[in-house]
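Participant: The opening residue of the sequence shown carries number 23 in the numbering used here; numbering runs sequentially from there. For reference, the structure I am asking about is given below.
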Amino acid sequence: MEELCVRPDENTVRKVARAFQELGQEDKQKLVLRRY
């Protein structure tokens, strides 16, 4: 998303973070929540 200079809204960030949590990828979840 940085390449496109696009910032997701808060709702989208939560959905992506929840998907990572369900997949068992907590490190990526924390990265998404911290970055956006």
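All C-beta atoms, glycine included, are put in the ideal place defined by N, C-alpha and C.
1) Taking only the alpha-carbon atoms, compute the straight-line gap between Glu32 and Tyr58 and give it to the nearest angstrom.
2) Given a cut-off of 8 Å, decide if Val28 and Val54 are closer than it, judged by their beta-carbon atoms.
3) From what residue to what residue does the alpha helix (DSSP H) around Arg40 run?
4) Taking the alpha-carbon positions, what's the Glu44 to Arg56 distance?
Facilitator: Walking through what the data contain:
1) Distance from the CA atom of Glu32 to the CA atom of Tyr58, rounded to whole angstroms, is 8 Å.
2) No, they are not a contact pair.
3) Unbroken alpha helix (DSSP H) run through Arg40: 32 to 44.
4) Near 18 Å, if we compare the C-alpha coordinates of Arg56 and Glu44.
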